[in-house]
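Chemist: For the sequence shown, the residue numbers in the numbering used here are 204 to 323.
Note that CB positions come from ideal geometry on N, CA and C, so glycine has one too.
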Amino acid sequence: MNFYEHTIIARQDISPSQLKQVEDKYKKIIEKNDGNLLKTEKWGLMNMTYLIKNNRKGNYIHFKIEGNGNTISELEKSEKIDKNLLRFLTIKVKKIDLETNYFEKYNDDKETREERKTRY
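1. Whether or not the segment 204 to 218 and the segment 258 to 267 are in contact is what I'm after, with contact meaning three or more pairs of Cβ atoms, one per stretch, closer than 8 angstroms; do they touch?
2. If you count every other CB in all the chains shown that lies within 10 Å of the CB of residue 261, and 16 or more means buried, which is it?
3. Buried or exposed: which applies to residue 302, given that a residue is buried once 16 or more other Cβ atoms fall within 10 Å of its Cβ?
4. Spell out a yes or no on whether the segment 281 to 293 and the segment 234 to 242 are touching, meaning 3 or more CB-CB pairs, one atom from each, closer than 8 angstroms.
5. Does the distance from the C-beta atom of residue 287 to that of residue 215 stay below 8 angstroms?
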């Protein structure tokens with residue numbers, strides 16, 4: 204089994220319930236095709252550098268997956284025809300970091316900027 208990091212960008216104007224449905228849909232596809240979903244990160248609504256299908260923002264969801272090539276091909280086949288998605292990207296990695304969440308909100312009371320810099 205191989206490790207993959209998979210990110211999808213959903214349209215900015217979908218409701219939170221629709222976003223949850225999109226997330227659940229792709230979780231089921233991963234599990235149905237002999238994949239193992241290790242971690243899901245919701246990065247939220249973020250600005251994009253350029254317009255994609257007349258959208259300036261997108262809802263980002265990041266999956267960390269253990270699976271084979273068939274799992275990824277079935278996942279991407281479904282994403283190509285989904286009208287709620289703007290883009291998707293899959294990257295094969297050697298090792299998955301399940302500890303670090305790069306887009307979590309930091310509380311400055313608990314941790315100073317210098318402490319964050321030394322951690323990375």
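Modeler: Based on what the coordinates show:
1. yes
2. buried
3. exposed
4. no
5. no
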